[in-house]
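In this note's numbering, the protein residues as written are 5 to 388.
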Ligand SMILES: NC(=O)c1ccc[n+]([C@@H]2O[C@H](COP(=O)([O-])OP(=O)(O)OC[C@H]3O[C@@H](n4cnc5c(N)ncnc54)[C@H](O)[C@@H]3O)[C@@H](O)[C@H]2O)c1
């Protein structure tokens, strides 16, 4: 694979042509919107001109906190997009439930979209978003910033080099002993806002790490399991210094597992936990006919791999281990936003394309559906 397909070639030092300014709006001005605006404010070719949030006064407070004057504020995505037809791009930073409606509305209005992960909450929604993207001809990039990390790029280079031979089995995922996210309330844990839990928050990153490395083969079947033993327990939240009533609100999974058959006769064994009685459910491993790769990575959602990767292979008939030295980390979040803007300005393609993340979403959706039915299912992905 060509180097330029693996390396996003964006750094904070790259000269930015500021003669053409991009007008940007932010939809949803909660926690992650801060990270978006902080990147935009570093860029001389960006003007953040508008923001929207369902909570009265939240967008105004957000701009004030970030030192932005003159940005126009709206009570929802529709009113903002209707009133701001000249926007070049929006960052969609809403909770999972409204990702699809915001993305579709923006694309239909001819606006380029940086959509936070997870792409949305069902396969059907992902397909609807992609239909809007196709019709609009605009750029839609999904917010998986760890993909731009130099070690993640190296991981993909190792796999794509062919050193492992034919890949046949992958184990990935991870979790936290205590880590149900309720930083500013219940938007991650309520079925009305998060809709999907640990899988949408952190599991999608583990899936992206391995699927991106092997070229995103299509998922075919899945046996899925989900549970919520920690989230439904008031004692869990009391011990964390949070309101016990969060257990009543809890309407998503705090643990999920899936056994997924991928095109190319590859088995993917995945598990993810927001909370568990365990330190870690294990490293990520990619097994191949000529070698296997161990990635100490149970927290790849924090931006990178958890330590040096190791290849287990044979040299002249002897089993050997090759350690890949860790590379210094990059500014992943900046690069995620910058690569999106560069694609708009230079007529490029989406740095993290929906056509790949559709399969990520289809696996999550398949786990949810299989878990409800209690048996293996075929993963059905409608035509875009
Ligand atoms: N890439 C990352 O590192 C990262 C980190 C944290 C969260 N996220 C993702 O970002 C998303 C948001 O997470 P958060 O923690 O910022 O949530 P949050 O609950 O703090 O903020 C979401 C905001 O969106 C607003 N909103 C919802 N629908 C809206 C609409 N139609 N129009 C306008 N505003 C709307 C809500 O009122 C809320 O203020 C989630 O999907 C999450 O998975 C990504």
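By construction, the Cβ of each residue, glycine as well, lies at the ideal position given by its N, Cα and C atoms.
In the DSSP assignment, find the beta strand (DSSP E) that holds residue i and state where it starts and stops.
| i | result |
| --- | --- |
| residue 88 | Unbroken run through residue 88: none, as it is neither H nor E. |
| residue 179 | 171-179 |
| residue 324 | 322-328 |
| residue 392 | The displayed coordinates of the chain run from 5 to 388. Any statement about residue 392 would go beyond what the structure contains. |
| residue 318 | 313-319 |
Residues in the same chain with beta-carbon distance under 7 Å from residue i, minus the five sequence neighbours each way, listed in chain order, please.
| i | result |
| --- | --- |
| residue 369 | 126, 127 |
| residue 296 | 168, 289, 290, 316 |
| residue 20 | 47, 48, 49 |
| residue 6 | Confidence is the limiting factor: at residue 6 the pLDDT is only 33, short of 50, which leaves the residue's position unreliable, though a coordinate-based value still follows. Cβ neighbours of residue 6 beyond the five flanking positions: none. |
| residue 212 | 148, 151, 364 |
| residue 265 | 224, 225, 271 |
| residue 153 | 307, 308, 333, 334, 336 |
| residue 238 | 248, 251 |
| residue 388 | 131, 134, 135, 138 |
| residue 75 | 52, 53, 54, 55, 67 |
| residue 183 | 278, 279 |
Hey, residue i and residue j: beta-carbon distance below 8 Å or not?
| i | j | result |
| --- | --- | --- |
| residue 129 | residue 104 | yes |
| residue 229 | residue 260 | yes |
| residue 305 | residue 179 | no |
| residue 93 | residue 115 | yes |
| residue 63 | residue 85 | no |
| residue 96 | residue 32 | yes |
| residue 201 | residue 256 | yes |
| residue 100 | residue 204 | yes |
| residue 312 | residue 327 | yes |
| residue 310 | residue 333 | no |
| residue 35 | residue 188 | yes |
| residue 274 | residue 231 | no |
| residue 234 | residue 258 | yes |
| residue 276 | residue 287 | no |
| residue 3 | residue 322 | Outside the displayed range of the chain (5 to 388) lies residue 3, so it cannot be described from this structure. |
| residue 216 | residue 158 | no |
Does any heavy atom of ligand 1 sit closer than 7 Å to the C-beta of residue i?
| i | result |
| --- | --- |
| residue 243 | no |
| residue 58 | yes |
| residue 205 | yes |
| residue 80 | yes |
| residue 364 | no |
| residue 97 | yes |
| residue 68 | no |
| residue 120 | yes |
| residue 37 | yes |
| residue 23 | no |
| residue 428 | Look at the range of the chain in this structure, 5 to 388, and you will see that residue 428 is not part of it. |
| residue 200 | no |
| residue 33 | yes |
| residue 188 | yes |
| residue 103 | yes |
| residue 100 | yes |
| residue 301 | no |
Could you please give the first and the last residue of the uninterrupted alpha helix (DSSP H) stretch that includes residue i?
| i | result |
| --- | --- |
| residue 149 | No alpha helix (DSSP H) contains residue 149, which DSSP labels as neither H nor E. |
| residue 116 | It is not in any alpha helix (DSSP H) - residue 116 instead sits in the beta strand (DSSP E) that spans 116-120. |
| residue 345 | 336-350 |
| residue 238 | 238-243 |
| residue 208 | 208-218 |
To which residues of the same chain is residue i closer than 6 Å at the C-beta, ignoring the five residues directly before and after it?
| i | result |
| --- | --- |
| residue 386 | 131 |
| residue 262 | 226, 228, 274, 371 |
| residue 24 | none |
Starting from the C-beta of residue i, find all residues in its chain whose C-beta is less than 8 Å away, skip the five residues before and the five after it, and write them out in chain order.
| i | result |
| --- | --- |
| residue 384 | 127 |
| residue 376 | none |
| residue 56 | 29, 30, 31, 32, 33, 63, 77, 78, 79, 80, 81, 83, 84 |
| residue 26 | 49, 50, 51, 92, 93, 345, 348, 349 |
| residue 270 | 171, 172, 173, 174, 218, 221 |
| residue 124 | 100, 103, 104, 107, 130, 133, 365 |
| residue 142 | 111, 114, 115, 116, 117 |
| residue 72 | 41, 45, 52 |
| residue 70 | 38, 41, 42, 45 |
task = Tell me, please, whether the region 348-361 touches the region 189-204 by the rule of three or more beta-carbon pairs shorter than 8 Å.
result = Flag = no, the region 348-361 and the region 189-204 do not touch.
message = Taking 8 Å as the cut-off, does the region 38-54 touch the region 331-347 (at least 3 CB pairs, one atom from each stretch)?
response = Segment contact: the region 331-347 against the region 38-54, three or more CB-CB distances shorter than 8 Å; contact assigned.
key: Given 8 Å, three or more beta-carbon pairs between the region 89-104 and the region 174-190   = As far as the Cβ criterion goes, the region 89-104 does not touch the region 174-190, which means the pair count is below three.
message = I'd like to know if the region 279-286 and the region 206-226 are in contact, where contact means that at least 3 CB-CB pairs between them fall below 8 Å.
response = With the cut-off at 8 Å, the region 279-286 and the region 206-226 do not touch.
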